[in-house]
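Visitor: What follows is a single structure, and I will ask about it in a moment.
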Amino acid sequence: MSAANKAKLDLQQFIEMESSKSMLKFITCGSVDDGKSTLIGRLLYDSQLLYDDQLEELKQDSKGRASTDEEIDFSLLVDGLAAEREQGITIDVAYRFFSTSKRKFIVADTPGHEQYTRNMATGASTADAAILLVDARLGVSTQTRRHAYILSLVGVKHILLAINKIDLKDYSRQLFEGICAEFESFAEKLGFSSIYTIPISALKGDNITTRSERMPWYEGQPLLTYLESLNPDKEDSVQFRFPVQRVTRPNLDFRGYAGTLVGGEITVGDEIMVAASLKRSRIKSIVTMDGNLPSAQKGDAVTLTLEDEIDISKGDVLHSPGEPLERSNQFQAHLIWMHEDPMLPERSYLLKIGTQTTSVQITDLKYTININTSEHLPATKIDLNGIAVCNFATAQAIAFDSYADNPETGAFILIDRISNNTVGAGMIDFGLHRGQNLSWQSFEINRDSRSRMKNQKPIVVWFTGLSASGKSTIADVLEQKLAAQNRHTYLLDGDNFRHGLNKDLGFTDADRVENIRRVAEVARLMADSGLIVMTAFISPFRRERRMAREIVGDIDFIEVFVDTSLEICEARDPKGMYAKARRGEIPNFTGISSAYEPPERADIHLDAGNRSAEELADEVLRQLQID
Amino acid sequence: MSTASHVHLQRLEAESIRILRQVATDFERPVLLYSVGKDSSVLLHLAMKAFYPAKPPFPLLHVDTTWKFREMIAFRDATVKRLGLELIVHTNPEGLAANTNPFTHGSSRYTDIMKTEALRQALDAGKYDAAIGGARRDEEKSRAKERVFSHRTKHHVWDPKNQRPELWSLYNTRINPDESMRVFPLSNWTETDIWAYIYLQDIPMSQLYLAAERPVVERDGDLLMLDDDRFPLNPGEKPKMRSIRFRTLGCYPLTAAIESTASTLAEVILEMRSSHTSERSGRLIDNDQAASMEKKKKEGYF
Chain A
325 MSAANKAKLD
335 LQQFIEMESS
345 KSMLKFITCG
355 SVDDGKSTLI
365 GRLLYDSQLL
375 YDDQLEELKQ
385 DSKGRASTDE
395 EIDFSLLVDG
405 LAAEREQGIT
415 IDVAYRFFST
425 SKRKFIVADT
435 PGHEQYTRNM
445 ATGASTADAA
455 ILLVDARLGV
465 STQTRRHAYI
475 LSLVGVKHIL
485 LAINKIDLKD
495 YSRQLFEGIC
505 AEFESFAEKL
515 GFSSIYTIPI
525 SALKGDNITT
535 RSERMPWYEG
545 QPLLTYLESL
555 NPDKEDSVQF
565 RFPVQRVTRP
575 NLDFRGYAGT
585 LVGGEITVGD
595 EIMVAASLKR
605 SRIKSIVTMD
615 GNLPSAQKGD
625 AVTLTLEDEI
635 DISKGDVLHS
645 PGEPLERSNQ
655 FQAHLIWMHE
665 DPMLPERSYL
675 LKIGTQTTSV
685 QITDLKYTIN
695 INTSEHLPAT
705 KIDLNGIAVC
715 NFATAQAIAF
725 DSYADNPETG
735 AFILIDRISN
745 NTVGAGMIDF
755 GLHRGQNLSW
765 QSFEINRDSR
775 SRMKNQKPIV
785 VWFTGLSASG
795 KSTIADVLEQ
805 KLAAQNRHTY
815 LLDGDNFRHG
825 LNKDLGFTDA
835 DRVENIRRVA
845 EVARLMADSG
855 LIVMTAFISP
865 FRRERRMARE
875 IVGDIDFIEV
885 FVDTSLEICE
895 ARDPKGMYAK
905 ARRGEIPNFT
915 GISSAYEPPE
925 RADIHLDAGN
935 RSAEELADEV
945 LRQLQID
Chain B
11 MSTASHVHLQ
21 RLEAESIRIL
31 RQVATDFERP
41 VLLYSVGKDS
51 SVLLHLAMKA
61 FYPAKPPFPL
71 LHVDTTWKFR
81 EMIAFRDATV
91 KRLGLELIVH
101 TNPEGLAANT
111 NPFTHGSSRY
121 TDIMKTEALR
131 QALDAGKYDA
141 AIGGARRDEE
151 KSRAKERVFS
161 HRTKHHVWDP
171 KNQRPELWSL
181 YNTRINPDES
191 MRVFPLSNWT
201 ETDIWAYIYL
211 QDIPMSQLYL
221 AAERPVVERD
231 GDLLMLDDDR
241 FPLNPGEKPK
251 MRSIRFRTLG
261 CYPLTAAIES
271 TASTLAEVIL
281 EMRSSHTSER
291 SGRLIDNDQA
301 ASMEKKKKEG
311 YF
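If you read the protein sequences in the order shown, they are chains A and B.
Counting from 1 along the first sequence, just add 324 to a position and that's the residue number in the working numbering.
Counting from 1 along the second sequence, just add 10 to a position and that's the residue number in the working numbering.
Rendered as structure tokens:
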């Protein structure tokens, strides 16, 4: 046999061996200094996955570091970013790969600092199991509880509780059992399928790959053996779910729907239904570059063609007719907040679920959860790393399952409209059906007919600027000028609004957001009736002005920035408000103790300064070009 | 996949296809960074699969430093022709005019001008809002923390402390005007996975990955191949013919070869199994300063 042929034969054995391995994704978590990075480094080292050059670099780097007396500081292997290496802490999620003869592993190493809890939720969202590290000297800590709760919330079912640094506690069985008992009683209500407890020393290698001789009393598996044999038996969703990513139309003869099955399976000839339109058809073919398939399973990325030409686009979800998704524009969900800026109810965010993206608002912040005590706390906002239960309302109805039924169709992220950051991660509990039956009623007499009768095009002119910048005065003059042209108008004024419709609202950030939402809704209704609507509200936040623009929808929305400097406004101070605010008598006063975010691109920018209201109103009128 | 039993690779393949489709759907002007190496070959193969029976709805971009192995350029052109795809080749014109090369300018400055700066120029010129690359998390420490969808400012800067959390398979693809995204569909593949997939799918590869007699000089223990007569020899240095191959392909003066007799893909994979050095150790640019990859990435290097 030639060398090449022999190589081919060996290779086939190798590939067979490699491919017969299953894969386990797990996350390591615990408090700062519990030794997570050391444990992963130890696993890589003991499974001999380190190359010589990596080992040499590691030995070099380990010199002169105080964190260990050993020759090699394993934590250096996983602490990748330069900043972390300088500070000696882990600040982000790192993914590591190793394999044994039985299994391939992807490890998410996540930080223990409280402010980085979002990263832990990120790592947990794709994990089959978790190693939760506890420092034997400290026992179950607040962080341990927090992380266990997040694991349970995100649906990780299998917990390996590793009591680390047991060497520093004389390998004490009593201590080990005490910590385990405390954790188990706490975790009872968290719904894990299994909790396995192992006393280890990541630094010394006790109970990592082999059972330690220094703990003859421990009769369980060493850590690696446990990871190799764990059956994650995720209850795979059996209901067919296919979110459409793209419509593939290479030519007129082919129309396919590209996507990944995220639940169940499908066979050629099966009947399917589109979640939004309830249209039905049958699977004609399951197309891949390697040839058409008779059937496809959860996880497969394929392109489906159908027997009938029905209207399907990206964002649609296909399912079996007897197994529909929920469809609603309102639902309840658990939310993990992931950004420094707090979540404010009524603020508008983008929601991404599967291949669907839409506007969303939190309509009811029911409570936040103190995860150390499981206590429900009333709240008006959610801070970074906060966990809350909320009701949501989306602009368009979405198709979803509960997260417990299928994480792929029940998980969503929230995106900030300005920064585009991912600010929240949500898990849907259930749909709220009051939204489902509320559809927009269309009437015969519509905006067009009402506008024609008034012989004008309805618009919303949205004035924004500091208190005393001249918004109301300019709007007042503008309205008089419009009235003189026989225009039908209405002016919504901030102070007047707060005496009536919004008298239940204060001046906290959350209340300001709700204030603007109501104003925008009223402005829309009035413009829909055919009126030219002017609003004069400080409306200090960009997001809310953008939200107002969205609420107003297809009616023209003209943002007018009355740009008067704080000095001038403060000098005017017609109601003595600035003086009071300066004395600290008014909290949250815009410009003094609360921010004003000037528009980046106002439709009309009034360099107001000391110009007269008459002059400024004329400028607005000219730019509005009302014919 | 040719056989249904390769569960692990099937999952990786499906994940990559899903990511590629999302790029094409969510971005207006995506581009695939094609560097001719083995990872690029796998990436391109997956792109062909993701949009089948249509062609990938984005062009390929190759940043040509003019110091690539000649065989790489020939392979690149043959591949593009075979698949019927659009290829954009960019070389930094100022760098070219200044005759920037790794010998007189040093590897760090040369890489900065002919690779990092050239890439920024090409991305700006094409107004590309998403650049798809073949980097893997198992390659290097700072890559282990890279997102699948990795945000870049309008100056192509990566801020490793301010990365968006990436949960489930819900990738946040939103960017503001002038910003861009780097996308890494092979994030979860390992070197072993790449080779096994190339073998099973019979993906065409550059011959440089296979051992052959080639002219080399040895410097500081690194075997450097002489691809043309631009390679300046030190006094007394004489190239020798040795049987070598490459584990990774870059610019030829910066990519060290390994001594090997593995002249078939099967032999290469078996040899790799018993290897004791990581693949990037052949990349001389990684080692020229501490945390050098992270620094380069912040500046816009892939």
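Just so you know, even glycine gets a beta-carbon here, dropped at the ideal spot from N, CA and C.
(1) Using a 10 Å radius around the Cβ and a threshold of 16 neighbouring Cβ atoms, would you call Ala-300/B buried or exposed?
(2) Suppose you measure from the CA of Gly-678/A to the CA of Arg-28/B; what does that come to, to the nearest Å?
(3) Provide the residue span of the alpha helix (DSSP H) that contains His-823/A, from first to last.
(4) For Leu-599/A, collect the residues of the same chain with a Cβ closer than 8 Å to its Cβ; drop the 5 residues on either side in sequence, then sort them by chain order.
(5) Output, in sequence order along the chain, the residues in the segment 206 to 221 of chain B whose CB is closer than 9 Å to any CB in chain A.
(6) Report the option in Ile-339/A, Ser-863/A and Val-843/A whose CA atom is closest to the CA atom of Leu-815/A.
(7) Taking the beta carbon of Asp-772/A as the centre, do at least 16 other beta carbons fall within 10 Å, making it buried, or is it exposed?
(8) Where does Trp-661/A fall in DSSP's three states?
(9) Quick one: which unbroken alpha helix (DSSP H) runs of 4-plus residues sit fully inside the segment 530 to 604 of chain A? Chain order, please.
(10) Of the residues Gln-621/A, Thr-813/A, Trp-541/A and Ala-808/A, which one's Cα is nearest the Cα of Gln-498/A?
(11) Helix, strand or coil for Ser-739/A per DSSP?
(12) If Asp-433/A sits next to Ala-451/A, beta carbons under 8 Å apart, how far is it from one beta carbon to the other, in whole angstroms?
(13) Is any beta-carbon of chain B found at less than 8 Å from that of Met-341/A?
(14) Taking the alpha-carbon positions, what's the Glu-96/B to Ala-108/B distance?
(15) Label Phe-500/A either buried or exposed according to how many other C-beta atoms from any shown protein chain fall within 10 Å of its C-beta, with 16 as the threshold for buried.
(16) Tell me which same chain residues have a C-beta within less than 7 Å of the C-beta of Ala-847/A, skipping the five on either side of it?
(17) Per DSSP, Trp-786/A is paired with what?
(18) Using a beta-carbon distance below 8 Å, is Glu-96/B in contact with chain A?
(19) My output table needs one value for Phe-350/A: the three-state DSSP class, helix, strand or coil.
(20) Helix, strand or coil: how does DSSP classify Met-215/B here?
(21) In chain A, which residues lie with their C-beta within 8 Å of the C-beta of His-18/B?
(22) For the segment 176 to 233 of chain B, list the alpha helix (DSSP H) runs that are entirely contained and at least 4 residues long, ordered along the chain.
(23) Taking 8 Å as the limit between beta carbons, can you name the residues of its chain near Glu-883/A, skipping five residues before and five after?
(24) May I ask you to list, following chain order, the residues of the segment 25 to 43 of chain B that have a beta carbon less than 7 Å from some beta carbon of chain A?
(25) CB Asp-864/A to CB Ser-775/A, shorter than 8 Å?
(26) Cα-Cα, which of Leu-22/B, Ser-253/B and Glu-247/B is closest to Ala-222/B?
(27) Select from Asp-707/A, Gln-804/A and Thr-534/A the residue whose C-alpha is nearest the C-alpha of Ala-937/A.
(28) Would you report the Cα separation of Ala-941/A and Ile-695/A, rounded to the nearest angstrom?
(29) Pull out every residue of the segment 616 to 640 of chain A whose Cβ sits closer than 8 Å to any Cβ of chain B, in chain order.
(30) Exposed or buried, which one is Gln-654/A when buried takes at least 16 other CB atoms within 10 Å?
(31) At what residues does the alpha helix (DSSP H) containing Ala-108/B begin and finish?
(32) Output needed for Ser-344/A: all residues of its chain with C-beta closer than 7 Å, excluding positions within five of it in sequence on either side, in chain order.
(33) Just to check my reading of the structure: His-482/A and Ser-518/A have Cβ atoms closer than 8 Å, yes? What is that Cβ distance to the nearest angstrom?
(34) Tell me the rounded alpha-carbon separation between Arg-461/A and Lys-493/A.
(35) Inspect the beta-carbon positions of Ala-749/A and Ile-660/A and report whether they are closer than 8 Å.
(36) Just grab the DSSP bridge partners of Asp-688/A for me.
Guide: On the basis of the data shown:
(1) Taking the second sequence and counting its residues from 1, one reaches residue 300/B at position 290. Residue confidence for Ala-300/B is low, a pLDDT of 43 falling below 50, so the modelled location carries little weight; the figure read from the coordinates is stated next. Classification for Ala-300/B: exposed.
(2) For the purposes of this step, residue 678/A is identified with residue 354 of the first sequence, where counting begins at 1. For the purposes of this step, residue 28/B is identified with residue 18 of the second sequence, where counting begins at 1. Between Gly-678/A and Arg-28/B, the C-alpha separation is close to 12 Å.
(3) Counting from one through the first sequence, the residue named residue 823/A turns up at place 499. 818 to 823 is the span of the alpha helix (DSSP H), which, as asked, contains His-823/A.
(4) For the purposes of this step, residue 599/A is identified with residue 275 of the first sequence, where counting begins at 1. According to the sequence provided, residue 599/A is Ala. The question's Leu does not apply to it. Hits under 8 Å: Asp-640, Val-641, Leu-642, His-643, Pro-648, Leu-649, Arg-651 and Ala-723.
(5) Ala-206, Tyr-209, Leu-210 and Gln-211
(6) Within the first sequence, the letter at position 491 stands for residue 815/A. Checking every option, the nearest Cα to that of Leu-815/A belongs to Val-843/A.
(7) Here residue 772/A is taken as the residue at index 448 of the first sequence, counted from 1. Classification of Asp-772/A: exposed, given that the 10 Å Cβ count is below 16.
(8) Your numbering for residue 661/A matches position 337 in the first sequence. Here Trp-661/A sits in strand by DSSP.
(9) 547 to 553
(10) For the purposes of this step, residue 498/A is taken as residue 174 along the first sequence, with counting starting at 1. For Gln-498/A, the nearest C-alpha among the options comes from Trp-541/A.
(11) Counting from 1 along the first sequence, the entry for residue 739/A is found at position 415. A quick correction: the sequence has Ile, not Ser, at residue 739/A. Ile-739/A falls in the strand class under three-state DSSP.
(12) For the purposes of this step, residue 433/A is taken as the residue at position 109 of the first sequence. For the purposes of this step, residue 451/A is taken as the residue at position 127 of the first sequence. That pair is no contact at about 11 Å.
(13) Position 17 of the first sequence, counted from the start, is the residue given in the question as residue 341/A. False, the Cβ-Cβ gap to chain B never drops below 8 Å.
(14) Residue numbering aside, residue 96/B sits at position 86 when the second sequence is read from its first letter. Residue numbering aside, residue 108/B sits at position 98 when the second sequence is read from its first letter. Near 29 Å, if we compare the C-alpha coordinates of Ala-108/B and Glu-96/B.
(15) What you label residue 500/A is simply residue 176 of the first sequence in a count that begins at 1. Buried, because 16 or more other Cβ atoms sit within 10 Å of the Cβ of Phe-500/A.
(16) As a first step, residue 847/A must be located in the first sequence, where it is residue number 523. Around Ala-847/A: Val-784, Leu-816, Val-857, Thr-859 and Val-876.
(17) Within the first sequence, the letter at position 462 stands for residue 786/A. Beta-bridge pairing links Trp-786/A to Thr-859/A and Glu-883/A.
(18) Taking the first residue of the second sequence as 1, we reach residue 96/B at position 86. No - not a single Cβ of chain A is within 8 Å of the one on Glu-96/B.
(19) Position 26 of the first sequence, counted from the first residue, corresponds to residue 350/A. In this structure, Phe-350/A counts as strand in the three-state DSSP scheme.
(20) Taking the first residue of the second sequence as 1, we reach residue 215/B at position 205. Coil at Met-215/B, not helix or strand.
(21) Counted from its first residue, the second sequence places residue 18/B at position 8. Result: Glu-342, Ser-343, Lys-345, Ser-346, Met-347 and Lys-428.
(22) 201 to 211
(23) Position 559 of the first sequence holds residue 883/A. Closer than 8 Å at the Cβ level, and outside the excluded window around Glu-883/A, lie Trp-786, Thr-788, Arg-869, Arg-873, Pro-923, Ala-926, Asp-927 and Ile-928.
(24) Ile-27, Arg-28, Arg-31, Gln-32, Ala-34 and Thr-35
(25) Sequence index remark: in the first sequence, residue 864/A carries index 540 (1-based). Sequence index remark: in the first sequence, residue 775/A carries index 451 (1-based). Inspection of the sequence shows that residue 864/A is occupied by Pro rather than by Asp. Result no, Cβ atoms of Pro-864/A and Ser-775/A do not sit closer than 8 Å.
(26) By one-based count along the second sequence, residue 222/B stands at place 212. It is Ser-253/B.
(27) Counting from one through the first sequence, the residue named residue 937/A turns up at place 613. For the residues Asp-707/A, Gln-804/A and Thr-534/A, the minimum Cα distance to Ala-937/A belongs to Gln-804/A.
(28) On the first sequence, residue 941/A is found 617 positions in, with the first residue counted as 1. On the first sequence, residue 695/A is found 371 positions in, with the first residue counted as 1. Each residue's alpha carbon lies about 55 Å from the other.
(29) Gly-623, Asp-624, Ala-625, Thr-627 and Lys-638
(30) Here residue 654/A refers to the residue found at position 330 when the first sequence is read from its first residue. By the 10 Å Cβ count, Gln-654/A comes out buried.
(31) As a working note, residue 108/B is residue 98 in the second sequence. First-last for Ala-108/B: undefined, no H or E at that position.
(32) Residue mapping note: residue 344/A aligns to position 20 of the first sequence, counting from 1. Within the same chain, Ser-344/A has no close Cβ partners at all.
(33) Locating residue 482/A in the first sequence gives position 158, where the first residue counts as 1. Locating residue 518/A in the first sequence gives position 194, where the first residue counts as 1. Going by Cβ atoms, the distance from His-482/A to Ser-518/A rounds to 5 Å, so yes, they are a contact pair.
(34) Translated into the one-based positions of the first sequence, residue 461/A becomes position 137. Translated into the one-based positions of the first sequence, residue 493/A becomes position 169. Their backbone Cα atoms lie some 7 Å apart in a straight line.
(35) Walking along the first sequence from the start, residue 749/A turns up at place 425. Walking along the first sequence from the start, residue 660/A turns up at place 336. Yes, they are a contact pair.
(36) By 1-based counting over the first sequence, the position of residue 688/A is 364. Bridge partners of Asp-688/A: Asn-715/A.
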